[in-house]
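Take a look at the structure set out below.
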Amino acid sequence: MNKLHYKVFKSLVLSCCLFTMASYGQMKSKTYKETFTVGDEAVVDINTSHADIEFETWNKNQVVIEATIELEGATPEEAEAYFSKEGIKILGNSQEITIKTSGEHSWSYWDDSSNRHIVVDIPEMPNMEPLFLDIQIPDIPEIIKDMPPMPPISPIVVEKFDYDAYEKEGEKYIEKWAAEFEKGFDEEYQKEMEAWGKEMEARVKEREAVREEMIKEREEMSKEREEIRKEAEELRREAHEARREAMEEHRIVHKNVIISKHKKDGPNVFYRSADGERRNYKVKKTIKIKMPKSTKLKMNVRHGEVKLAENTRNMNATLSYSRLLASTIDGKNTKIVASYSPVSVQRWNYGNLNLNFSEEVALKDVNILKLNATSSDVTIDRLLKSAQINNDLGVLVINTIADDFEDLDLIVQNGELVCQLPSTPFNISIDGTSSSYSGPSDLKLVSEKNGNSFVHSGYFMQKDSGKSIEIDSRYSEIVLKK
């Protein structure tokens, strides 16, 4: 591996660094520009905070990085100190390039309209576990003890039936033979049989009493299940309310922290220095990266906007309080984790997407997707082929499913699903617990119900089409449309 070519931009004397210090009134800026010649499997590793990042792909075997920090409201000495402490670090070689913003100090923000100081406390992500209810099922009582055994029959010597005598004597022989047979059941045995009959009668009465008790217990259990169902619905409402409150808090923070699209020069940022003295700075960080199409991305971005290139493959990204804009995301090794971050993708070809408390997640065309979403609002405009989706405490909308799709596997917990079904034949299965369901009447379904659970299984138009939709719902609302 080539020796790392390390460049840290903290001084004006670095010959490889393009440094520009411009002063337009109170505006100070510093620009870093670097070029790396890379191989086909090069990786760009980005770890930034409060910076906008924009990517562009080209056919050259070079990665060009141009980063700019604009600072307004600081003296030259303060600007130099800020650039020294909060500059941008770049290191790299032909195989790996790292871009990192220096650690920020505490941040607060200034509201220009009211000229008041706002300290923004970034909320922690609430821990909202799925609402799984443990329903205690009482043990079924033993109905009754084993039935008493019949008294043992003592050995009996029975005269062999004489067919020749029967032909001669007829009924008289039968009466004689029966009398001899009854002698084998003496008076003591008859008393034992009578006692056994009484005990059997008592056991039968006991069984009937136990059955009545079980019927009462079943009725009580039915009432308990209804109460549990109501409690689950209430918990679900509370969870959705907590989710709305968390999202509202996020909106407030997002409005003041994330780069404002209503201001061309970005947000007003108030910087609190280490000694607690206030400096009212307006800071804007922009990083533009040109790279070959084969270059892989690894990102950890906080508080910034990320604009991806035309086609991004096998990206590994963690986004927090950010915004992701992409044309095409591709590659089976793609993995994106977005928390409190809007996401907009024109075409999602392959990869995994994990969402936490993210609004305005819009995926226009989806080819193959594995999605895990918690307290997020997701809209898929068109599913082309296949998706595995786990949606917890959120809203999932699928506007269109292509006629040549293959399969859709959905798990919805404490959430909502609205899905427009395809017009092509498909098999369908809906397994619900404490959930509501509505769907078109032309689905050929066989339904089973057990308490608060139900299973609807069947097909549309014809069986065994090779296309399937499977839905597992817990405490959720399922709406299917045609």
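Each residue of the sequence shown is one higher than the one before, counting from 2 in the numbering used here. Backbone N, C-alpha and C define an ideal beta-carbon position, used for all residues, glycine too.
Inset, instruction - Determine the DSSP secondary structure at K386, reduced to helix, strand or coil. - result: Numbered from its first residue, the sequence shown carries residue 386 at position 385. Three-state result, K386: strand.
Inset, instruction - Can you have a look at W349 and say buried or exposed, based on whether 16 or more other CB atoms are within 10 angstroms of its CB? - result: Looking up residue 349 in the sequence shown gives position 348. Flag for W349 reads buried.
Inset, instruction - Determine the closest residue to E71 out of H51, G395, T38 and L418, with distance taken between C-alpha atoms. - result: On the sequence shown, residue 71 is found 70 positions in, with the first residue counted as 1. Here the closest residue by C-alpha is H51.
Inset, instruction - Return yes when the Cβ of N368 is within less than 8 Å of the Cβ of L394, no when it is not. - result: On the sequence shown, position 393 is the one that residue 394 refers to. On the sequence shown, position 367 is the one that residue 368 refers to. Contact: no.
Inset, instruction - Look at the alpha carbon of M28 and the alpha carbon of T38, and state the distance between them as a whole number of angstroms. - result: The sequence position of residue 28 within the sequence shown is 27, counting from 1. The sequence position of residue 38 within the sequence shown is 37, counting from 1. When rounded, the distance between both Cα atoms is 33 Å.
Inset, instruction - Compute the beta-carbon to beta-carbon distance between Y438 and I431, rounded to the nearest angstrom, for a pair I have assumed lies under 8 Å. - result: Reading the sequence shown from its first residue, position 437 is the one you call residue 438. Reading the sequence shown from its first residue, position 430 is the one you call residue 431. Contact flag correct, Cβ pair sits at about 6 Å.
Inset, instruction - Please classify D432: does DSSP put it in a helix, a strand, or coil? - result: Locating residue 432 in the sequence shown gives position 431, counting from the first residue. Residue state, collapsed to three classes: strand.
Legend entry - Unbroken alpha helix (DSSP H) run spanning Y78, endpoints: Along the sequence shown, one-based indexing puts residue 78 at 77. The sequence shown places Glu at residue 78, not Tyr. That run of the alpha helix (DSSP H) goes P77 to K86.
Legend entry - Own chain partners of M300 with C-beta closer than 6 Å, once the 5 adjacent residues on each side are dropped: The residue labelled residue 300 in the question sits at position 299 within the sequence shown. Within the same chain, M300 has close Cβ partners I47 and A318.
Legend entry - Exposure of A210, with buried meaning 16 or more beta-carbon neighbours within 10 Å: What you label residue 210 is simply residue 209 of the sequence shown in a count that begins at 1. Exposed, by the Cβ-count rule.
Legend entry - I56, enclosing beta strand (DSSP E) - first and last residue: In the sequence shown, counting from the first residue as 1, residue 56 sits at position 55. At residue 56 the sequence reads Phe, which differs from the Ile that was named. Per DSSP, the unbroken beta strand (DSSP E) holding F56 starts and ends at D53 to W59.
Inset, instruction - Leaving aside the five residues before and after V346 along the sequence, list all residues of the same chain whose C-beta is less than 6 Å from its C-beta, in chain order. - result: Here residue 346 is taken as the residue at index 345 of the sequence shown, counted from 1. These residues qualify, in order along the chain: A327, I330 and L364.
Legend entry - Reference Q389, options V419, G93, I472 and I290, closest by Cα: Within the sequence shown, numbered from 1, the residue matching residue 389 stands at position 388. Among V419, G93, I472 and I290, the Cα nearest to that of Q389 is on I472.
Legend entry - Straight-line gap, K297 to K291 (C-alpha atoms, nearest Å): Start at 1 with the first residue of the sequence shown, and residue 297 comes out as number 296. Start at 1 with the first residue of the sequence shown, and residue 291 comes out as number 290. Rounded to the nearest angstrom, the two C-alpha atoms are 12 Å apart.
Inset, instruction - Could you spell out the range, first to last residue, of the beta strand (DSSP E) harbouring F37? - result: To locate residue 37, count along the sequence shown from 1; it is residue 36. F37 -> beta strand (DSSP E) spans M28 to T38.
Inset, instruction - Below 6 Å CB to CB, which residues in the same chain sit around S454 once its five sequence neighbours on both sides are set aside? - result: Translated into the one-based positions of the sequence shown, residue 454 becomes position 453. The answer, listed in chain order, is T434.
Legend entry - Burial state of G267 (16 or more Cβ within 10 Å): In the sequence shown, residue 267 corresponds to position 266, counting from 1. With a pLDDT of only 43 at G267, under 50, the local geometry of the prediction cannot be trusted, and the value read off the model is given with reservation. With 16 or more Cβ atoms within 10 Å of its Cβ, G267 is classed as buried.
Legend entry - For I91, the nearest candidate out of G74, P77 and V65 (CA to CA): Mapped onto the sequence shown, residue 91 falls at position 90. The shortest Cα separation from I91 among G74, P77 and V65 belongs to V65.
Inset, instruction - Using three-state DSSP, classify E220 as helix, strand or coil. - result: Along the sequence shown, one-based indexing puts residue 220 at 219. In this structure, E220 counts as helix in the three-state DSSP scheme.
Legend entry - Bounding residues of the beta strand (DSSP E) (the contiguous stretch that carries I402): Here the question's residue 402 lines up with position 401 in the sequence shown. Taken as a continuous stretch (DSSP letters only), I402 belongs to no beta strand (DSSP E), as it is neither H nor E.
Legend entry - Selection from G440, L444 and S436 that minimises the alpha carbon distance to T425: The residue labelled residue 425 in the question sits at position 424 within the sequence shown. The candidate whose alpha carbon is nearest that of T425 is L444.
Legend entry - Straight-line gap, S477 to N353 (C-alpha atoms, nearest Å): In the sequence shown, counting from the first residue as 1, residue 477 sits at position 476. In the sequence shown, counting from the first residue as 1, residue 353 sits at position 352. Approximately 24 Å, taken between the alpha carbons.
Inset, instruction - For S342, collect the residues of the same chain with a Cβ closer than 7 Å to its Cβ; drop the 5 residues on either side in sequence, then sort them by chain order. - result: Along the sequence shown, read from residue 1 onward, the residue named residue 342 stands at position 341. These residues qualify, in order along the chain: L320, S321, Y322, S323, R324, L325 and S359.
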